[in-house]
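First residue of the sequence shown: 70, per my numbering; consecutive thereafter.
Right, one structure below, let's go through it.
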Amino acid sequence: MKNIAILAVSVLTFSTVNKTYAQHNSITSLDTLSIDHTDKAGSYQLMFEDNFSKAGKINAKDWLYRNNVKMGGVSWPQNVVQGKATDGSGEDCLLIKFTYDGSKAEGQQYLGGGVVSAHNFGYGYYEARVKLYGGSKELAGLHQSFWSMGLTGTNEAEGKGVRDHLTSTGVIPKENRVLEIDGFEHNSLNDKLAQNYHIYTPTHKSKAPEPESTHRDLSKWITMAYEWLPDRINFYCDGKYISTKHLDSIWKVYAPQNLWLTALPVDVAAWGGLKKPAENAAMQVDYVRYYAKVLPGVNRIGNGSFDYGKAKNTYPIAWIVDPKKDSNAVTVVSDSISSQSGKGYLFFKADKAYKASVRQTVAFIPDGNYTFGAWIKSSGGQKDASIIVKTGNKEQVIALRESANWEKVVIPMVKVVNNQAVIEIRCTGDAGQWLVVDNVSFTNF
């Protein structure tokens with residue numbers, strides 16, 4: 070795969086059947102599906118790619134190490150390296166090793182690992198080419214996966230080190246777990262690759278597509294993919310459609326999430342139990358890619374309604390509350406009667422003078438024309454009550470005026486460049502002055 074020229078800035082269309090098909094047949098194959106894709110004629114653009122081609126450590130700008138103890142095994146950062154495939158092919162790849170160390174404490178002797186993206190990705194097409202460990206009861210013990218899920222305060226990535234620093238400095242949201250898409254999960258005792266979908270708001274529920282799995286020869290490289298759209302998730306293997314999970318009712322939630330590649334030793338008998346790994350045991354990843362395309366009218370803001378969260382949670386999930394300002398002046402109020410719609414709204418207020426802001430970076434989206442909108446109420450009188458939309462070196466500002474009733478504010482034309490925009494909501498006021506925001510949207514047109 071690596072000797073083929075990379076289409077780092079190309080646009081892929083479903084009608085392409087020449088060189089692009091050879092490189093990205095799992096995308097082109099959507100053209101042959103009988104399933105009704107209302108937006109199938111649109112084009113995908115490659116937004117992110119890692120070929121893991123430089124020997125040594127992962128790119129710290131793009132990835133965090135998974136670092137925790139769970140289900141009888143350890144995610145061990147030292148077990149994750151970029152190197153050559155174990156089959157002697159000379160393939161550059163990410164190696165997530167599976168090892169055993171009898172000198173460690175019981176429950177921490179089986180070591181795997183994983184990486185979690187430092188970026189959040191939303192609707193789009195996700196693809197990874199992998200070679201997995203196992204396929205028999207003798208080679209069992211490892212749970213391997215390619216998936217999307219937001220990080221929370223549970224320290225699953227980088228422990229109390231890098232990840233907490235990124236949170237405390239306002240680089241990534243403190244809380245961002247809304248959903249989980251399992252492009253594949255593999256319990257190494259057999260050749261079954263399973264797909265699944267979870268939601269975490271307001272409680273954890275899961276429901277797999279039908280059929281929920283596919284079988285593959287694990288002696289070969291496998292290309293796994295999933296296409297996340299507003300109303301469904303389509304799953305693929307080696308360029309062929311597997312199944313769809315339709316997103317409606319409670320399953321229709323949205324926020325851009327982190328991307329995970331993990332291999333976790335798991336002490337569960339039904340999954341094969343823990344067995345000492347064979348020599349050079351590893352989950353191998355040739356590449357991972359993310360594509361996005363224009364989706365007219367689809368909101369790119371995560372938790373724009375401020376409805377997501379568990380009971381008594383007052384942090385705006387998927388948003389960054391600026392830790393350098395008065396973060397205690399920002400809360401989410403759950404009140405379906407007072408909200409513009411839905412269950413909650415964002416609320417700025419304090420019993421002393423304060424300066425606070427909340428922001429969200431919408432990244433890896435197609436350049437082009439977007440519309441911003443939000444509903445607000447305000448006491449008025451603040452030194453600053455505003456919403457700023459920034460893309461490239463251009464900022465557009467909405468000054469928020471006093472309003473006792475819900476009022477919609479709009480920036481009808483935002484021209485996105487460099488594939489991202491930053492939405493910031495600011496309020497600087499005296500004691501008792503307040504600002505309420507609900508149903509924030511950022512849509513293509």
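Each residue gets a CB set at the ideal place from its N, CA and C atoms; glycine is no exception.
If contacts are defined as beta-carbon pairs under 8 Å, then residue i and residue j qualify, I think. What distance do you get, rounded to the angstrom?
| i | j | result |
| --- | --- | --- |
| Gly181 | Pro334 | 5 Å |
| Ala380 | Pro271 | 7 Å |
| Val483 | Gln465 | 6 Å |
| Phe167 | Ala350 | 4 Å |
| Met515 | Leu208 | Here the chain has residues from 70 to 514 only, and residue 515 is not among them. |
| Ser112 | Lys274 | Ser112 to Lys274, Cβ: 34 Å. No contact. |
| Ile494 | Val506 | 6 Å |
Give a yes or no on whether the C-beta atoms belonging to residue i and residue j are separated by under 8 Å.
| i | j | result |
| --- | --- | --- |
| Val322 | Pro385 | no |
| Trp329 | Phe416 | no |
| Ile291 | Val199 | yes |
| Gly191 | Pro325 | yes |
| Val458 | Ile480 | yes |
| Gly252 | Phe215 | yes |
| Ile302 | Ile268 | no |
| Ala263 | Ser288 | no |
| Ala332 | Ile456 | no |
| Gln429 | Thr460 | no |
| Leu220 | Asn128 | no |
| Asp119 | Tyr266 | no |
| Gly341 | Asn256 | yes |
| Met293 | Ala419 | no |
| Tyr360 | Gly193 | yes |
| Ala226 | Asn148 | no |
| Asp307 | His284 | no |
Applying the criterion that 16 or more other CB atoms from any shown protein chain within 10 Å of the CB defines a buried residue, is residue i buried or exposed?
| i | result |
| --- | --- |
| Ala432 | buried |
| His212 | buried |
| Arg358 | buried |
| Met218 | buried |
| Phe514 | exposed |
| Val138 | exposed |
| Ser237 | exposed |
| Lys463 | exposed |
| Arg470 | exposed |
In angstroms, rounded to a whole number, what distance separates the CA positions of residue i and residue j?
| i | j | result |
| --- | --- | --- |
| Asp131 | Glu160 | 21 Å |
| Ala398 | Gln451 | 14 Å |
| Val509 | Ile445 | 9 Å |
| Phe304 | Ala500 | 52 Å |
| Ser410 | Lys393 | 31 Å |
| Leu316 | Pro299 | 7 Å |
| Ile250 | Lys421 | 43 Å |
| Arg246 | Asn382 | 13 Å |
| Leu258 | Gly203 | 6 Å |
| Tyr439 | Thr512 | 5 Å |
| Arg369 | Phe441 | 10 Å |
| Glu348 | Val485 | 49 Å |
| Cys162 | Asp156 | 11 Å |
| Leu248 | Lys123 | 32 Å |
| Val185 | Ser472 | 43 Å |
| Phe375 | Ser403 | 9 Å |
| Ala187 | Leu133 | 6 Å |
| Tyr414 | Val367 | 20 Å |
When DSSP labels each residue in this structure, what does residue i get in the three-state scheme?
| i | result |
| --- | --- |
| Leu164 | strand |
| Arg497 | The sequence given here places Thr at residue 497; Arg does not occur at that position. Thr497: strand per DSSP, three-state reduction. |
| Asp453 | strand |
| Leu211 | strand |
| His93 | At His93, the pLDDT of 38 sits below 50, so the modelled position is not reliable; the number obtained from the coordinates is stated separately. DSSP places His93 in coil when its eight states are reduced to three. |
| Gln147 | helix |
| Trp320 | helix |
| His273 | coil |
| Asn397 | helix |
| Arg232 | helix |
| Lys206 | helix |
| Ser257 | coil |
| Ser237 | helix |
| Trp132 | strand |
| Ala339 | helix |
| Ser374 | coil |
| Arg470 | coil |
| Lys109 | Residue confidence for Lys109 is low, a pLDDT of 41 falling below 50, so the modelled location carries little weight; the figure read from the coordinates is stated next. Reduced to three states, the DSSP call for Lys109 is coil. |
| Ser408 | coil |
| Gly366 | coil |
| Val185 | strand |
| Lys123 | coil |
| Ala432 | strand |
| Ser312 | strand |
| Leu524 | The question about residue 524 has no answer here: the residues shown for the chain are numbered 70 through 514. |
| Thr383 | coil |
| Phe417 | strand |
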